[in-house]
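Using the UniProt record's numbering, you'd call the opening residue of the sequence shown number 1 and step up by one each time.
For every residue, glycine included, the Cβ atom is placed at its ideal position computed from N, Cα and C.
Since this is a predicted model, take the numbers as computed values, not measurements.
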Amino acid sequence: IYNMSKKKKDWKTEKDRLLHLDRDERRKEYRRQDFVPLEKIPTWRQENRCKGSVNEEEEEQELTGAGGGLSDKVSLYKGDITVLEVDAIVNAGNLDLLSFSAVKK
Numbered sequence: 001i002y003n004m005s006k007k008k009k010d011w012k013t014e015k016d017r018l019l020h021l022d023r024d025e026r027r028k029e030y031r032r033q034d035f036v037p038l039e040k041i042p043t044w045r046q047e048n049r050c051k052g053s054v055n056e057e058e059e060e061q062e063l064t065g066a067g068g069g070l071s072d073k074v075s076l077y078k079g080d081i082t083v084l085e086v087d088a089i090v091n092a093g094n095l096d097l098l099s100f101s102a103v104k105k
């Protein structure tokens, strides 16, 4: 998403520079302007409510479990992950994919 300046820079220096930018300044650095901010991606709970899940009590038990609150922190996204404006992406892989170089332990 970020467009490093044409001069070769130490990655630590560039990381430090980007971390000190405010949101608007950082967005000017993006290669593409069609990014998807986190606020536009529904959480797991919001997604379930839109689908007309059974009742709220069952939904609460099913989604939060013992730890509570996970359904408000997790989002499922289908699409181009290179346009996401997020801090981390977690991708679940299975053992059948280990032969591919993109999925490593």
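Alpha carbon to alpha carbon, how far is R27 from P37? Give it in angstroms, no decimals.
-> As a working mapping, residue 37 is identified with position 37 in the sequence shown. As a working mapping, residue 27 is identified with position 27 in the sequence shown. Taking the straight line joining both Cα atoms gives about 11 Å.
With DSSP as the reference, please indicate the residues paired to P37 in a beta bridge.
-> Along the sequence shown, one-based indexing puts residue 37 at 37. Partner(s): E85.
Under the three-state reduction of DSSP, which class applies to V90: helix, strand or coil?
-> Against the sequence shown, residue 90 aligns to sequence position 90. Coil at V90, not helix or strand.
How long is the line joining the alpha carbons of C50 and V74, rounded to whole angstroms?
-> Here residue 50 refers to the residue found at position 50 of the sequence shown. Here residue 74 refers to the residue found at position 74 of the sequence shown. For C50 and V74, the distance between alpha carbons rounds to 16 Å.
Going straight from the alpha carbon of K15 to that of T43, what length do you get?
-> In the sequence shown, residue 15 corresponds to position 15, counting from 1. In the sequence shown, residue 43 corresponds to position 43, counting from 1. Going from the Cα of K15 to the Cα of T43 covers about 28 Å.
Inter-residue spacing [alpha-carbon to alpha-carbon] between K12 and H20 | The residue you call residue 12 lines up with position 12 of the sequence shown. The residue you call residue 20 lines up with position 20 of the sequence shown. Using only the alpha carbons, I get a separation of about 12 Å.
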